[in-house]
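These notes are about the structure you will find just below.
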Amino acid sequence: MFKKTKVLWVLMVLILAFSLNVSAENIELDVWVVRDNYQIDLTEWNEANPNVKINFEVVPWEQALNRLIMSASSNRAPDVAVLDRPWVGTLGGLGHLTPLDDYMDEYYTEEELNDYIDAAWDFAQYDGTTYAMPFTVFGRALFYRADWFEEAGLDTPETWEDVVEAGKVFTDPAQDKWGLSVRGIRDDGTTQGWLPIFAAMGGEFDGQAPQINSEAGIEALKLYRDLVFDSEIMSPETVIFGSGEARGLFLSGNAAMAIMGSHIAPAVVNNGIEYGDFKMTHIPVPEAGMPKRNVATGFQWAVHEQSEHKDAAFEFVKYATDTAGQFEFNQDYMEAVRLSVYDIPEYREAKPWVDFILDDMEGFSAIPAAPQYSQMSQAIQNGIQEMLNNPDADAEAVAAEIQSVIDPLF
């Protein structure tokens, strides 16, 4: 009996020693982020986890999705990555992401999970499974020069008719002055900027598939054409405007209004235009009184399925998405997804427009996330290019063409 007990005791000591060795094992986590500012402060992380080194690599947004797919094909994927909302469906559908529901049950209290805004989970899930932890969101808004509007005796624009009427007041093509600026280049940012307009027109989604060949889709396409060639409140060069050009007109005082992500507001302030001189309002609707609707996107932290250190990777994801991390990142950039951040006085001081953001979030729906998203987006981009390029473009024909590409994908 004594020998048996002694053997069991030795085995227990060995198991404990092995466990301690594993927990103290030196680990390196490769973490891909899409911008420099996602390289969050690691001071507290390093103190609590001296054996887990974080290796940040900035992979620009324009390249990140393709590189994530390619790295997985060669078994060289990062442990953790920051993902734009549409990529959750693409990579989740390919089996490249670790499902996080069980981790959330183990690592989070109910109170912590309830601290996330309800809409946040829509951005982190695909096909009913949570593949990422929400970190930040933003929707598009109509930015407008409130000081100019007041001087001209104009009210805050609510409808597209309001936008056109105000736009004509401020448009002077000879001086490169325009009523409205939007993104129009052939890239996904243009799709993400147009879908909120489609939704505000009354557009619907069948699952993840937008129903472009509908009254709302046709009107939203026609709108872009008419703003350039009919009312002429948008530059004829809109078709080649990327993010820099579209926001540049507003920042330089060459556009009275612009449809941009709400995360651009701090840049407007930093450019010398105080909040109050500019304001944000909801995406315009066809008729006054229609409900606000917005198709929003956001970024989240995900653990790659190929990671050999999933527990440590998820621990880092939890650290990155806590209240302190969200405050640090979002106070001068995007919008936090944890309600506790909005109770921090310094956050409200840094972003005096937060009440508008919280109100706008009530109309949020998540931009589609599906493995077929890229093909869907490209079809929409092609249609928008046609409308911005051709004054005689047939919106019904273009909508039908887009839908003919989308329907087989889903």
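Residue numbers (mature numbering (1 follows the signal peptide of the UniProt record, and there is no 0)): -24 to -1, 1 to 386.
Idealized CB from N, CA, C, for every residue including glycine.
| request: Flag this pair as yes or no: are the beta carbons of D81 and H285 separated by less than 8 Å? | output: Reading the sequence shown from its first residue, position 105 is the one you call residue 81. Reading the sequence shown from its first residue, position 309 is the one you call residue 285. H285 is positioned such that its CB atom lies no closer than 8 Å to that of D81.
| message | Closest to Y349 by C-alpha separation, out of L171, I30 and L199, would be which residue? | response | Taking the sequence shown and counting its residues from 1, one reaches residue 349 at position 373. When each option's Cα is compared against that of Y349, the closest is L171.
| field | alpha helix (DSSP H) segment containing F99, residue limits | value | Position 123 of the sequence shown, counted from the first residue, corresponds to residue 99. Its alpha helix (DSSP H) spans residues A96 to A100.
| task | Tell me whether S207 sits in a helix, a strand or coil according to DSSP, three-state version. | result | Stepping through the sequence shown from its first residue, residue 207 is reached at position 231. S207 falls in the coil class under three-state DSSP.
| field | C-beta contact flag for T106 and W97 at 8 Å | value | In the sequence shown, the residue the question calls residue 106 occupies position 130. In the sequence shown, the residue the question calls residue 97 occupies position 121. Yes, the pair counts as a contact, with Cβ atoms nearer than the cut-off.
| message | So, for N230: in the same chain, excluding its five sequence neighbours on each side, which residues have a beta-carbon less than 7 Å away from its beta-carbon? | response | By one-based count along the sequence shown, residue 230 stands at place 254. If we look at N230 and ignore the five residues flanking it on each side, its Cβ neighbours are D152, K153 and W154.
| Can you give the Cα-Cα distance for L225 and G248, rounded to whole angstroms? | Counting from one through the sequence shown, the residue named residue 225 turns up at place 249. Counting from one through the sequence shown, the residue named residue 248 turns up at place 272. L225 and G248: Cα-Cα distance of roughly 14 Å.
| request: To the nearest angstrom, report how far apart M266 and A40 are at their CA atoms. | output: For this step, residue 266 is matched to residue 290 along the sequence shown. For this step, residue 40 is matched to residue 64 along the sequence shown. In this structure, the straight-line span from the alpha carbon of M266 to that of A40 is close to 37 Å.
| query | Would a check of beta-carbon distances place D12 closer than 8 Å to chain C? | reply | The displayed structure is made up of one protein chain only, and chain C is not part of it.
| Residue range of the alpha helix (DSSP H) that M337 falls in? | Looking up residue 337 in the sequence shown gives position 361. Counting along the chain, the alpha helix (DSSP H) containing M337 begins and ends at V330 to M337.
| field | Cβ-based burial, L334 [other Cβ within 10 Å; buried from 16] | value | Stepping through the sequence shown from its first residue, residue 334 is reached at position 358. Note on L334: under 16 other CB atoms within 10 angstroms of its CB, so exposed under the neighbour-count rule.
| By Cβ distance below 6 Å, which residues in the same chain neighbour A346 in space, the five residues on each side in sequence not counted? | Locating residue 346 in the sequence shown gives position 370, where the first residue counts as 1. Result list for A346: G65 and Q184, in chain order.
| said: Please identify the residue among W277, Y92, F386 and D123 whose C-alpha is closest to the C-alpha of L315. | reply: For the purposes of this step, residue 315 is taken as residue 339 along the sequence shown, with counting starting at 1. The option with the nearest alpha carbon to L315 is Y92.
| query | Quick one: is T74 buried, meaning 16 or more other Cβ sit within 10 Å of its Cβ, or exposed? | reply | Your numbering for residue 74 matches position 98 in the sequence shown. Buried, because 16 or more other Cβ atoms sit within 10 Å of the Cβ of T74.
| Could you check where the alpha helix (DSSP H) with Y83 kicks off and where it finishes? | Mapped onto the sequence shown, residue 83 falls at position 107. Per DSSP, the continuous alpha helix (DSSP H) segment holding Y83 begins and ends at D77 to Y83.
| task | State the DSSP-derived secondary structure class of E311, mapped to helix, strand or coil. | result | For the purposes of this step, residue 311 is taken as the residue at position 335 of the sequence shown. Reduced to three states, the DSSP call for E311 is strand.
| Spatial neighbours of D202 in its chain, beta-carbon cut-off 7 Å, leaving aside the 5 residues before and after | Residue numbering aside, residue 202 sits at position 226 when the sequence shown is read from its first letter. The answer is none, since no qualifying residue turns up.
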